[in-house]
């Protein structure tokens with residue numbers, strides 16, 4: 001399930017694929033971004049439907065075993 005969150009965070013334009021540019025911009029924010037940019041990226045990681053909220057269901061799904 002966590003891979004799904006990561007995929008959505010890197011797929012910034014939500015077209016179902018991660019372009020090289022999406023990947024590089026995401027890494028740039030994580031490695032060199034300001035605190036505000038990093039926090040915004042982290043929030044967007046869990047804001048699956050991009051409505052500005054993280055639901056309880058999403059929060060709980062992050063804790064479920066992944067089967068590894």
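Residue numbers (the UniProt record's numbering): 1 to 68. Here a beta-carbon is modelled for each residue, glycine too, at the ideal position from N, C-alpha and C.
{"Item": "Compare the beta carbon distance of residue 33 and residue 9 with 8 Å and say whether it is the shorter of the two.", "Value": "no"}
{"Item": "Determine the direct distance from the alpha carbon of residue 11 to that of residue 70, and round the result to whole angstroms.", "Value": "Here the chain covers residues 1 to 68 and nothing more, so residue 70 does not appear."}
{"Item": "From the DSSP output, in three-state form, read off residue 17 for me.", "Value": "coil"}
{"Item": "Alpha helix (DSSP H) containing residue 38: first to last residue?", "Value": "35-46"}
{"Item": "Please state whether DSSP places residue 50 in a helix, a strand or coil.", "Value": "coil"}
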